[in-house]
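First up is the structure itself, then whatever we jot down about it.
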Amino acid sequence: KAGVTQTPRYLIKTRGQQVTLSCSPISGHRSVSWYQQTPGQGLQFLFEYFSETQRNKGNFPGRFSGRQFSNSRSEMNVSTLELGDSALYLCASSSDRGHGQYFGPGTRLTVT
Amino acid sequence: AQTVTQSQPEMSVQEAETVTLSCTYDTSESDYYLFWYKQPPSRQMILVIRQEAYKQQNATENRFSVNFQKAAKSFSLKISDSQLGDAAMYFCASRIGNEKLTFGTGTRLTIIP
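Sequence order for the protein chains is X and D.
Quick note on our numbering: the first sequence kicks off at 1105 and runs consecutively.
Quick note on our numbering: the second sequence kicks off at 11 and runs consecutively.
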């Protein structure tokens, strides 16, 4: 099976702009989670979607939003970008909570 | 809320030796799962090993094994015959029910040739 794919892999945006990141899970996986990873804050959970419904949400401002489509593909959107949003954004999919999450290669977002 | 603690920010081991990474977690639930993830310099997070809390037997995956002490809420990872490719950041994680996966702060493992 193909792994989790994320597009784009690298992105440079300017403060105030918005960005949309995409994640395609492993075939058959219905859960998709998003994480932000920075050197200072470590790995922080953004949200999890399961069958198109948001199942869990982290402590991020409303500028961060996501959605999941009927084919389980997911997108996350960040509006009004700030310098502090520069990070590696990781997407992970799973078939079952006990089987673990499988991660994509990440999207590195740089905000200038 | 779940908490996962990794008290060793950095560790090093000689190639071919054995190293153990520590992890403790805190939950009063009985239905939970524990995981170890590896993140090499490429930044790709890789699932190394998983453990169901209801299983007494420690999980093993090739050179990787865990020591699961349920009463002590301890979940350490043992890497045998360490190889240069094992150099990475290792994260311990737990999941209770359908709650989010909670990660520890990680342990950076260096392999000394």
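Glycine included, every Cβ here is placed at the ideal spot set by N, Cα and C.
All values reported here derive from a predicted model rather than from experimental measurement.
| Asked | Found |
| --- | --- |
| Partners in chain X for D:GLY95, counting only beta-carbon separations shorter than 7 Å | Simply none; closest approach about 18 Å. |
| Alpha-carbon to alpha-carbon, X:GLY1162 and X:SER1183 | 17 Å |
| Identity of the residue in X:PHE1164, X:GLU1152, X:PHE1154 and X:SER1199 nearest X:GLN1145 by Cα | X:PHE1164 |
| Through-space distance from D:PHE78 to D:THR112, alpha-carbon basis | 17 Å |
| C-alpha distance - X:LEU1185 paired with X:ILE1116, whole-angstrom precision | 11 Å |
| Residue-level contact to chain D via CB, X:GLU1220, 8 Å cutoff | As shown, chain X starts at 1105 and ends at 1216. That puts residue 1220 of chain X outside it, with no answer to give. |
| Cross-strand partners of D:MET207 (DSSP beta bridge) | No information on residue 207 of chain D is available, as it lies outside the stretch 11 to 123 that chain D covers here. |
| Residue environment, X:PRO1129, which counts as buried when at least 16 other CB atoms sit within 10 Å | buried |
| Neighbour flag for X:GLY1210 against chain D, beta carbons, 8 Å | yes |
| Residue-level contact to chain D via CB, X:PHE1173, 8 Å cutoff | no |
| CB-CB length for D:MET21 against X:LEU1194, believed under 8 Å | D:MET21 to X:LEU1194, Cβ: 23 Å. No contact. |
| Closer than 8 Å to chain X by CB, D:MET55 | yes |
| Below-8 Å beta-carbon distance, X:PHE1207 vs any chain D residue | yes |
| contact_flag[the stretch 99-108 of chain D, the stretch 45-62 of chain D] where n(CB pairs < 8 Å) is 3 or more | yes |
| For D:GLU109, the nearest candidate out of X:SER1176, X:LEU1150 and X:VAL1108 (CA to CA) | X:LEU1150 |
| Per-residue contacts from D:THR115 into chain X (C-beta, under 7 Å) | GLY1146 |
| Residues of its chain near X:GLN1172, where Cβ-Cβ distance is below 7 Å and the 5 sequence neighbours each way are ignored | VAL1136, TYR1153, GLU1156 and SER1178 |
| Residue span of the beta strand (DSSP E) that contains X:ALA1191, given as start and end | 1191-1198 |
| Residue environment, X:TYR1114, which counts as buried when at least 16 other CB atoms sit within 10 Å | exposed |
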